[in-house]
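Worksheet: the structure to be examined is printed underneath.
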Amino acid sequence: MDTVNNAGPRRRLSLRRTLFFGLTLLTSLCASALLLDVLEANGLTAVEVVGLVLFFGLFTWIAGSLWTAIAGFVIRIAGRDPLALDAAEVAGRPLHVHTAVVMAVYNEDPDRVEAGLDAVWSSLAREPEQRWFDLFIMSDTTDPQIAAAEEAMWRRFVARYRGAERIFYRRRTDRSEHKAGNIADFVKRWGDNYECMVVLDADSVMTGPTLVTLARLMEAHAEIGILQTLPLPAGRETLFGRLIQFGSSVQSPMLTSGLAFWHAGESNYWGHNAIVRVKPFARYCALPRLSGRPPLGGNILSHDFVEAAFMRRAGFEVRQIADLGGSWEEVPANVIDFAKRDRRWTQGNLQHSRVLAFPGLHPLSRVHLLTGIISSVSSPMWLALLLLSSIVSAVEASKKPQYFLPGLRSLFPSWPQIRHGEITALMVLTLVVLLLPKVLGAILLTRDRPLLRQFGGGPRLVASLFVEQLFSVLLAPSMMLFHSTFVVQTLLGKAVSWNAQGRTDRGVTLREAFARQKWHLLLGLVWGAAMLRLAPQFFWWLTPVLVGLVGSVLVTAWTSRTSAGRLARRMGLLLTPAETAPPRELAAALSGAPPRDILSPYAEAAAPEAVPPEALPEAAPGAALAPARKAGVPYRALPRTSPEHVEAGHGT
191 MDTVNNAGPR RRLSLRRTLF FGLTLLTSLC ASALLLDVLE ANGLTAVEVV GLVLFFGLFT
251 WIAGSLWTAI AGFVIRIAGR DPLALDAAEV AGRPLHVHTA VVMAVYNEDP DRVEAGLDAV
311 WSSLAREPEQ RWFDLFIMSD TTDPQIAAAE EAMWRRFVAR YRGAERIFYR RRTDRSEHKA
371 GNIADFVKRW GDNYECMVVL DADSVMTGPT LVTLARLMEA HAEIGILQTL PLPAGRETLF
431 GRLIQFGSSV QSPMLTSGLA FWHAGESNYW GHNAIVRVKP FARYCALPRL SGRPPLGGNI
491 LSHDFVEAAF MRRAGFEVRQ IADLGGSWEE VPANVIDFAK RDRRWTQGNL QHSRVLAFPG
551 LHPLSRVHLL TGIISSVSSP MWLALLLLSS IVSAVEASKK PQYFLPGLRS LFPSWPQIRH
611 GEITALMVLT LVVLLLPKVL GAILLTRDRP LLRQFGGGPR LVASLFVEQL FSVLLAPSMM
671 LFHSTFVVQT LLGKAVSWNA QGRTDRGVTL REAFARQKWH LLLGLVWGAA MLRLAPQFFW
731 WLTPVLVGLV GSVLVTAWTS RTSAGRLARR MGLLLTPAET APPRELAAAL SGAPPRDILS
791 PYAEAAAPEA VPPEALPEAA PGAALAPARK AGVPYRALPR TSPEHVEAGH GT
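The numbering of the sequence shown is this note's numbering, which starts it at 191 and goes up by one.
Put into structure tokens, the structure is as follows:
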């Protein structure tokens, strides 16, 4: 990899970005020009101008995804990107970097946390470089019973791995700033002992080879401040979860390669499953408290984008690595829980509007912040565009045709014009922009026969793509309304509360779905009836949206069923490599059983009874456990720094 701080790579990167943004803008301008030609045929109204502006903004958004996918496709066909990180370059490199693996937990299921940590730590224990890693469990748990179970889990964990000097647990009593404050607590108390930290969420799973490779890359590239892996979703059995897992597994590797193509050293951070250089993070990534009250003021919720921007402002690169593998996360199991998570993200993304003008940020960092904002406001923009189109169609349908203009000189009729060619071209262009990324992802899979078999083979892959696209169409209208509501609530001053995320295959009853989506159903019925009465021709164009709204309650309830997900699996649909050929670490984490088959000889010798509980370090709730001196590694006392230099953040 050539560092982008050098003149040659920087010129090539500038050319890449000019090409990317130029093609994105050109695609959007072409689509908007076609729509303008259609609208101008019979006179352009003020309402249509507003709709055209909305269309241009939204089409630019999806065109960027298209060209990112195309860039990723070309790179994966070529096999290598000279400006991207290559994990092979550090294979076998001796490691001398101390790294802390830090997991923040908040009212999580201790059994699930233990299974995940066991999978990660036992895999790491098989690596010769495992002695360079320590583990920290940072708890903000408020439930006393869960806290007691966490402490018992930690004690078992220490006994199992003889890890009294390498495995630590702390439960905060001051839970300010939520996860950001929890990670800041680690940085303040122990960060000076480590060059890097790997941040994990409670549902994160990473393999030992991946952790070691990340540390090697950070040691080899001192210019990198944050290195983000691609965590693929896994572990859900509901149909909704399987839809997300399948779509991400097909497209995300290609899209990440495309992002790395034009991001390079000004990439982004997702708050977990990433390695971070601790000292610059502590020094430069302190999160400010925004003026005013929440939701747009107060603590920044979506910290990750902001921390990446601050790290780049300090002169360190922020990178993504798409080809490393060995990194997973879980996703919400149903539409309702998925929307709850997005509610928190919406508030955090809208707060980015307050950060955009911060001095010294790299232009691409501002693009990332703007991207987060647009991802939230795009839903109300789509809703506004659909409503405006409905109004225009209803008004036009109510008009009586006037073939002769007023006045004696009007000798010839003025016929209404319909631009069939332009309408067809616009439809085709829209379908290409929306569907081509999925097609390109599937084409890449066909080039790797073993990987294709893990997706069920060619015919089942095609069928799965069709099923995933069908449900995407059905679910999109409800998600549009959810997100539009979240934006309005945030702008009206309603702040989100911080709750533990659901991490089980929770089903949604029809009663719950109706309670949450009754207004979606009502809007679909009223909107459809109005269009059928006032503009029957437009009604058929609007059918995909109306079907999604009217069927939202049933779709939400049915896709939350594990029985529906397992039916799809028995039919060979929506399969992913994470379930057809799961790595041992992932299988162990999801099964909830300690992965005894992959324990290192060191760990296998450490049975729980080998160290009696009374011999373990005491850890009263809220107490800090200072890392003990490592053999041959001097323990460094932490400096007493001022709070503004240690309040590092963590993504939501």
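Quick reminder that beta carbons are idealized off the backbone N, C-alpha and C, glycines included.
task: Kindly indicate which residue of Arg-483, Gln-644, Thr-397 and Gly-425 has the alpha-carbon position closest to the one of Leu-514.
output: What you label residue 514 is simply residue 324 of the sequence shown in a count that begins at 1. Nearest of Arg-483, Gln-644, Thr-397 and Gly-425 to Leu-514, Cα basis: Thr-397.
message: In the DSSP output, what is Phe-358 paired with across the bridge?
response: As a first step, residue 358 is located in the sequence shown; it is residue number 168 there, counting from the start. Phe-326, per the DSSP bridge assignment.
message: Can you look up Pro-470 in the DSSP assignment and give me helix, strand or coil?
response: Locating residue 470 in the sequence shown gives position 280, where the first residue counts as 1. Residue state, collapsed to three classes: helix.
- prompt: Near Leu-433, what residues of its chain come up, given a Cβ to Cβ distance below 6 Å and the 5 sequence neighbours on each side ignored?
  reply: As a first step, residue 433 must be located in the sequence shown, where it is residue number 243. Glu-658 and Phe-661.
message: Distance check for Glu-427 and Leu-275, CA to CA, integer angstroms please.
response: To locate residue 275, count along the sequence shown from 1; it is residue 85. To locate residue 427, count along the sequence shown from 1; it is residue 237. Between Leu-275 and Glu-427, the C-alpha separation is close to 34 Å.
message: Considering just the uninterrupted stretch of the beta strand (DSSP E) at Ile-511, what are its terminal residues?
response: Here the question's residue 511 lines up with position 321 in the sequence shown. Run containing Ile-511: none; DSSP gives neither H nor E here.
query: Which residues in the same chain as Arg-207 place their Cβ atom closer than 7 Å to its Cβ, once the five residues preceding and following it in sequence are excluded?
result: Here the question's residue 207 lines up with position 17 in the sequence shown. Once the five neighbours on either side are set aside, the close Cβ partners of Arg-207 are Trp-452.
task: Select from Ser-329, Gly-538 and Leu-480 the residue whose C-alpha is nearest the C-alpha of Glu-340.
output: As a working mapping, residue 340 is identified with position 150 in the sequence shown. Minimum Cα distance to Glu-340 is reached at Ser-329.
field: Under the three-state DSSP convention, the category Val-237 falls into
entry: One-based indexing of the sequence shown puts residue 237 at position 47. Helix at Val-237.
- prompt: In the region 438-490, which residue ranges form an unbroken alpha helix (DSSP H) of at least 4 residues, counting only runs that do not cross its ends?
  reply: 468-474
- prompt: Which residues mark the beginning and the end of the beta strand (DSSP E) in which Ala-547 is found?
  reply: The residue you call residue 547 lines up with position 357 of the sequence shown. Per DSSP, Ala-547 belongs to no beta strand (DSSP E) and is neither H nor E.
task: Name the residue from Arg-639, Arg-706, Leu-619 and Val-618 whose alpha carbon lies nearest to the alpha carbon of Ala-529.
output: Within the sequence shown, the letter at position 339 stands for residue 529. Ranked by how close their Cα comes to the Cα of Ala-529, the residues Arg-639, Arg-706, Leu-619 and Val-618 have Arg-706 in first place.
message: Would Ile-373 and Val-389 be called neighbours here (beta carbons separated by less than 8 Å)?
response: Along the sequence shown, one-based indexing puts residue 373 at 183. Along the sequence shown, one-based indexing puts residue 389 at 199. Their beta carbons are under 8 Å apart, which means Ile-373 touches Val-389 by this criterion.
message: Three Cβ pairs or more, each shorter than 8 Å: is that satisfied between the region 437-446 and the region 477-488?
response: no
task: For the region 274-303, list the beta strand (DSSP E) runs that are entirely contained and at least 3 residues long, ordered along the chain.
output: 289-295
- prompt: Where Leu-736 and Gly-437 are concerned, what is the direct C-alpha to C-alpha distance, given to the nearest angstrom?
  reply: One-based indexing of the sequence shown puts residue 736 at position 546. One-based indexing of the sequence shown puts residue 437 at position 247. Whole-angstrom Cα-Cα distance: 24 Å.
message: Can you find the residues in the same chain that come closer than 7 Å, C-beta to C-beta, to Leu-624, ignoring five residues on each side of it along the sequence?
response: In the sequence shown, counting from the first residue as 1, residue 624 sits at position 434. Here the set comprises Ile-252.
query: Is any heavy atom of the ligand GTP found at a distance shorter than 7 Å from the C-beta of Asp-299?
result: Absence of the ligand GTP from the depicted structure is noted, as is the absence of any ligand whatsoever, leaving it without description.
message: So, with DSSP's three-state summary, where would you put Gly-353?
response: Residue 353 sits at position 163 when you count from the first residue of the sequence shown. DSSP places Gly-353 in coil when its eight states are reduced to three.
Euclidean distance between Cα positions of Leu-641 and Ser-313: On the sequence shown, position 451 is the one that residue 641 refers to. On the sequence shown, position 123 is the one that residue 313 refers to. Taking the straight line joining both Cα atoms gives about 23 Å.
- request: In the DSSP assignment, find the unbroken beta strand (DSSP E) run with Met-387 in it and report its ends.
  value: The sequence position of residue 387 within the sequence shown is 197, counting from 1. From DSSP, the beta strand (DSSP E) with Met-387 extends over 386-390.
- request: Tell me whether Pro-284 is buried or exposed, calling it buried when 16 or more other Cβ atoms sit within 10 Å of its Cβ.
  value: The residue given as residue 284 occupies position 94 in the sequence shown. Exposed.
field: Assigned secondary structure, Val-395 (DSSP; H/G/I helix, E/B strand, else coil)
entry: Position 205 of the sequence shown, counting from 1, holds the residue named residue 395. Note: Val-395 maps to strand in three-state DSSP.
task: Kindly indicate which residue of Asp-695, Thr-733, Glu-456 and Thr-636 has the alpha-carbon position closest to the one of Val-663.
output: Numbered from its first residue, the sequence shown carries residue 663 at position 473. Nearest of Asp-695, Thr-733, Glu-456 and Thr-636 to Val-663, Cα basis: Thr-733.
query: Quick one: what's got a C-beta closer than 6 Å to Thr-214's C-beta in the same chain, skipping five residues either side?
result: Start at 1 with the first residue of the sequence shown, and residue 214 comes out as number 24. Here the set comprises Ala-253, Gly-254 and Trp-257.
task: Mind the definition here: the region 278-294 touches the region 315-333 only if three or more C-beta pairs lie below 8 Å; say whether that holds.
output: Yes, the region 278-294 touches the region 315-333.
query: Among the residues of its own chain, which have a CB less than 7 Å from the CB of Glu-794, if the five just before and after it don't count?
result: Counting from 1 along the sequence shown, the entry for residue 794 is found at position 604. Confidence at Glu-794 is low in this model, with a pLDDT of 41, below 50, so its placement is unreliable and no value can be given for it.
query: What residues match up with Gln-418 in a beta bridge as DSSP calls it?
result: Here residue 418 corresponds to residue number 228 of the sequence shown, with the count starting at 1. Gln-418 is bridged to Ala-464 and Gln-510.
task: With a cut-off of 8 Å on the beta carbons, I'd call Gly-755 and Gly-431 a contact; round off their distance for me.
output: As a first step, residue 755 is located in the sequence shown; it is residue number 565 there, counting from the start. As a first step, residue 431 is located in the sequence shown; it is residue number 241 there, counting from the start. The Cβ separation is near 7 Å, so the contact holds.
task: Reducing DSSP to helix, strand and coil, say where Pro-667 ends up.
output: In the sequence shown, the residue the question calls residue 667 occupies position 477. Pro-667 falls in the helix class under three-state DSSP.
Rounded C-alpha distance that separates Thr-235 from Pro-553: Indexing the sequence shown from 1 puts residue 235 at position 45. Indexing the sequence shown from 1 puts residue 553 at position 363. Looking at the two C-alpha atoms, the distance is approximately 36 Å.
query: For the region 484-503 against the region 532-541, are there 3 or more C-beta pairs whose distance is under 8 Å?
result: yes
query: How would you call Glu-804, buried or exposed, if buried means at least 16 neighbouring beta carbons within 10 angstroms?
result: Locating residue 804 in the sequence shown gives position 614, counting from the first residue. Residue placement at Glu-804 cannot be trusted, given a pLDDT of 34 that sits under 50; what the coordinates show is reported in the next sentence. With fewer than 16 Cβ atoms within 10 Å of its Cβ, Glu-804 is classed as exposed.
task: Pick helix, strand or coil for His-517, following the three-state DSSP scheme.
output: Here residue 517 is taken as the residue at index 327 of the sequence shown, counted from 1. The question names His, but residue 517 in the sequence shown is Ser. Here Ser-517 sits in strand by DSSP.
- prompt: Where does the unbroken alpha helix (DSSP H) through Met-571 begin, and where does it stop?
  reply: Within the sequence shown, the letter at position 381 stands for residue 571. Unbroken alpha helix (DSSP H) run through Met-571: 553-588.
- prompt: What number of angstroms, rounded off, separates the C-alpha of Leu-417 from the C-alpha of Gly-381?
  reply: Walking along the sequence shown from the start, residue 417 turns up at place 227. Walking along the sequence shown from the start, residue 381 turns up at place 191. Cα to Cα, Leu-417 sits roughly 18 Å from Gly-381.
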